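Asks: Residue numbers (the numbering used here): 8 to 175. Virtual Cβ for every residue (Gly too), placed ideally from N, Cα, C. Remember, predicted model here, so these are calculated numbers, not experimental data. Questions regarding the structure given below will be posed in turn.
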(Lines of atoms letter the chains of each structure in order from A and count residues from 1; the text may use other names and numbers.)
(Lines give C-alpha, C1' and ligand atoms only; values in the text may rest on other atoms or scores of the structure.)
Protein backbone atom coordinates (compact mmCIF):
# COMPACT_ATOMS: atom_id res chain seq x y z
CA UNK A 1 0.00 0.00 0.00
CA UNK A 2 1.39 3.38 -0.98
CA UNK A 3 0.56 6.87 0.14
CA UNK A 4 -1.78 7.37 -2.76
CA UNK A 5 -3.84 4.28 -1.86
CA UNK A 6 -5.82 5.76 1.03
CA UNK A 7 -8.73 3.76 2.45
CA UNK A 8 -12.21 4.77 1.40
CA UNK A 9 -14.03 7.19 3.70
CA UNK A 10 -16.69 5.35 5.71
CA UNK A 11 -19.46 7.88 6.31
CA UNK A 12 -21.57 5.57 8.52
CA UNK A 13 -18.60 4.84 10.80
CA UNK A 14 -17.79 8.55 11.16
CA UNK A 15 -21.43 9.33 11.99
CA UNK A 16 -21.50 6.58 14.67
CA UNK A 17 -18.31 7.98 16.18
CA UNK A 18 -19.79 11.50 16.36
CA UNK A 19 -23.03 10.27 17.94
CA UNK A 20 -21.18 8.24 20.59
CA UNK A 21 -18.71 11.06 21.29
CA UNK A 22 -21.30 13.82 21.71
CA UNK A 23 -23.74 11.57 23.60
CA UNK A 24 -21.00 10.59 26.02
CA UNK A 25 -20.03 14.23 26.56
CA UNK A 26 -23.66 15.22 27.11
CA UNK A 27 -24.17 12.36 29.58
CA UNK A 28 -21.04 13.34 31.49
CA UNK A 29 -22.21 16.97 31.67
CA UNK A 30 -25.67 15.84 32.85
CA UNK A 31 -24.17 13.66 35.62
CA UNK A 32 -21.93 16.51 36.81
CA UNK A 33 -24.83 18.99 36.94
CA UNK A 34 -27.08 16.47 38.73
CA UNK A 35 -24.32 15.69 41.27
CA UNK A 36 -23.76 19.43 41.85
CA UNK A 37 -27.50 20.03 42.39
CA UNK A 38 -27.84 17.07 44.76
CA UNK A 39 -24.88 18.31 46.80
CA UNK A 40 -26.70 21.61 47.37
CA UNK A 41 -25.02 23.73 44.67
CA UNK A 42 -21.73 24.08 46.56
CA UNK A 43 -19.26 26.78 45.63
CA UNK A 44 -16.37 24.39 46.03
CA UNK A 45 -14.19 21.98 44.11
CA UNK A 46 -15.93 18.87 42.72
CA UNK A 47 -13.88 16.50 44.90
CA UNK A 48 -15.58 18.09 47.95
CA UNK A 49 -19.14 17.68 46.65
CA UNK A 50 -19.61 14.33 48.40
CA UNK A 51 -18.58 15.97 51.69
CA UNK A 52 -21.28 18.59 51.09
CA UNK A 53 -23.85 15.93 50.27
CA UNK A 54 -23.08 13.75 53.29
CA UNK A 55 -22.63 16.69 55.69
CA UNK A 56 -25.89 18.40 54.75
CA UNK A 57 -27.68 15.07 55.03
CA UNK A 58 -26.22 14.37 58.49
CA UNK A 59 -27.14 17.85 59.78
CA UNK A 60 -30.63 17.52 58.32
CA UNK A 61 -31.20 14.09 59.93
CA UNK A 62 -29.78 15.34 63.23
CA UNK A 63 -32.01 18.40 63.42
CA UNK A 64 -35.06 16.40 62.31
CA UNK A 65 -34.46 14.05 65.25
CA UNK A 66 -34.06 17.05 67.60
CA UNK A 67 -37.33 18.52 66.29
CA UNK A 68 -39.06 15.23 67.14
CA UNK A 69 -37.38 15.41 70.59
CA UNK A 70 -35.76 12.03 69.87
CA UNK A 71 -32.50 12.88 71.62
CA UNK A 72 -31.05 9.33 71.75
CA UNK A 73 -31.29 9.08 67.95
CA UNK A 74 -29.93 12.61 67.56
CA UNK A 75 -26.97 11.75 69.82
CA UNK A 76 -26.29 8.66 67.71
CA UNK A 77 -26.16 10.87 64.61
CA UNK A 78 -23.96 13.43 66.43
CA UNK A 79 -21.40 10.77 67.35
CA UNK A 80 -21.96 8.62 64.23
CA UNK A 81 -22.66 5.65 66.46
CA UNK A 82 -26.16 4.17 66.39
CA UNK A 83 -25.29 1.75 69.21
CA UNK A 84 -23.89 4.36 71.58
CA UNK A 85 -26.13 3.13 74.43
CA UNK A 86 -24.26 -0.19 74.55
CA UNK A 87 -21.04 1.66 75.46
CA UNK A 88 -22.00 5.10 76.85
CA UNK A 89 -18.56 5.85 78.30
CA UNK A 90 -16.90 5.81 74.85
CA UNK A 91 -17.95 9.42 74.16
CA UNK A 92 -16.45 10.96 77.29
CA UNK A 93 -15.66 14.31 75.66
CA UNK A 94 -19.35 15.08 75.08
CA UNK A 95 -21.49 12.75 77.20
CA UNK A 96 -25.21 12.25 76.64
CA UNK A 97 -26.13 14.16 79.82
CA UNK A 98 -24.38 17.28 78.49
CA UNK A 99 -25.94 16.69 75.07
CA UNK A 100 -29.39 16.69 76.68
CA UNK A 101 -28.60 19.97 78.43
CA UNK A 102 -27.61 21.56 75.12
CA UNK A 103 -30.40 20.22 72.89
CA UNK A 104 -33.41 19.41 75.08
CA UNK A 105 -36.47 21.56 74.46
CA UNK A 106 -36.88 22.23 78.18
CA UNK A 107 -33.23 22.99 78.91
CA UNK A 108 -32.24 26.49 80.08
CA UNK A 109 -28.94 26.14 78.13
CA UNK A 110 -30.79 25.82 74.81
CA UNK A 111 -30.92 29.38 73.44
CA UNK A 112 -33.28 28.43 70.60
CA UNK A 113 -36.11 27.10 72.78
CA UNK A 114 -38.18 24.31 71.30
CA UNK A 115 -36.66 23.59 67.89
CA UNK A 116 -39.57 23.26 65.48
CA UNK A 117 -38.06 24.04 62.06
CA UNK A 118 -34.64 24.36 60.51
CA UNK A 119 -33.22 25.50 57.19
CA UNK A 120 -29.67 24.89 55.98
CA UNK A 121 -28.60 28.18 54.41
CA UNK A 122 -24.88 27.71 53.78
CA UNK A 123 -22.16 25.07 53.75
CA UNK A 124 -18.46 25.59 53.05
CA UNK A 125 -15.30 23.58 53.54
CA UNK A 126 -13.09 24.98 56.30
CA UNK A 127 -9.85 23.06 56.45
CA UNK A 128 -10.82 19.41 56.67
CA UNK A 129 -14.37 19.93 57.96
CA UNK A 130 -17.59 21.16 56.43
CA UNK A 131 -19.11 24.16 58.20
CA UNK A 132 -22.89 24.24 57.97
CA UNK A 133 -25.00 27.29 58.90
CA UNK A 134 -28.57 26.53 59.95
CA UNK A 135 -31.38 28.97 60.68
CA UNK A 136 -33.55 27.64 63.51
CA UNK A 137 -37.29 28.37 63.92
CA UNK A 138 -37.49 30.80 61.01
CA UNK A 139 -34.84 33.20 62.30
CA UNK A 140 -33.34 35.58 59.79
CA UNK A 141 -29.98 35.94 61.56
CA UNK A 142 -28.00 34.28 64.31
CA UNK A 143 -27.44 31.01 62.50
CA UNK A 144 -26.38 27.87 64.31
CA UNK A 145 -22.96 26.87 62.96
CA UNK A 146 -22.13 23.18 63.08
CA UNK A 147 -19.23 21.33 61.54
CA UNK A 148 -19.22 17.91 59.94
CA UNK A 149 -16.02 15.88 59.90
CA UNK A 150 -16.03 13.76 56.71
CA UNK A 151 -13.42 11.31 58.04
CA UNK A 152 -15.17 10.38 61.31
CA UNK A 153 -18.64 11.43 60.08
CA UNK A 154 -19.37 13.18 63.37
CA UNK A 155 -20.99 16.52 64.07
CA UNK A 156 -19.63 19.19 66.38
CA UNK A 157 -20.04 22.85 67.15
CA UNK A 158 -17.99 25.16 64.95
CA UNK A 159 -14.71 26.40 66.37
CA UNK A 160 -14.91 29.60 68.45
CA UNK A 161 -14.88 32.69 66.25
CA UNK A 162 -15.56 30.76 63.05
CA UNK A 163 -18.91 31.32 61.39
CA UNK A 164 -20.18 31.48 57.85
CA UNK A 165 -21.00 34.86 56.33
CA UNK A 166 -24.64 34.82 55.27
CA UNK A 167 -24.69 38.21 53.60
CA UNK A 168 -26.19 41.56 54.55
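Assuming residue 28 is part of the alpha helix (DSSP H), what are its boundary residues?
Replies: Element bounds for residue 28: 18–45.
Asks: Do you know whose CA, among 54, 36, 89, lies nearest residue 72's CA?
Replies: When only C-alpha atoms are compared, the closest one is 89.
Asks: Use the C-beta contact count for residue 19: other C-beta atoms within 10 angstroms, 16 or more gives buried, fewer gives exposed.
Replies: Exposed is the call here.
Asks: What does the alpha-carbon distance come out to for the pair residue 117 and residue 38?
Replies: Those two C-alpha atoms are separated by around 42 angstroms.
Asks: Looking at the structure shown, is residue 164 part of a helix, part of a strand, or coil, going by DSSP?
Replies: Strand.
Asks: With which residues is residue 126 paired in a DSSP beta bridge?
Replies: Answer is 142.
Asks: Of all the options 143, 84, 42, 79, which has the alpha carbon lying nearest to the alpha carbon of residue 120?
Replies: The residue with the shortest Cα to Cα distance from residue 120 is 143.
Asks: Does residue 85 pass the burial test, meaning 16 or more other C-beta atoms within 10 Å, or should it be called exposed?
Replies: By the neighbour-count rule (16 or more Cβ atoms within 10 Å), residue 85 is buried.
Asks: Do you know how far the Cα of residue 123 is from the Cα of residue 152?
Replies: When rounded, the distance between both Cα atoms is 17 angstroms.
Asks: With DSSP as the reference, please indicate the residues paired to residue 4 in a beta bridge.
Replies: Since the first residue of the chain shown is 8 and the last is 175, residue 4 is not available in this structure.
Asks: If I follow the unbroken beta strand (DSSP E) through residue 155, where does it start and stop?
Replies: Where residue 155 is concerned, the enclosing beta strand (DSSP E) stretches over 151–156.
Asks: Looking only at its chain, what residues have a beta carbon closer than 7 angstroms to the beta carbon of residue 155, apart from the 5 residues adjacent to it on each side?
Replies: Around residue 155: 62, 65, 66, 136, 137, 139, 162.
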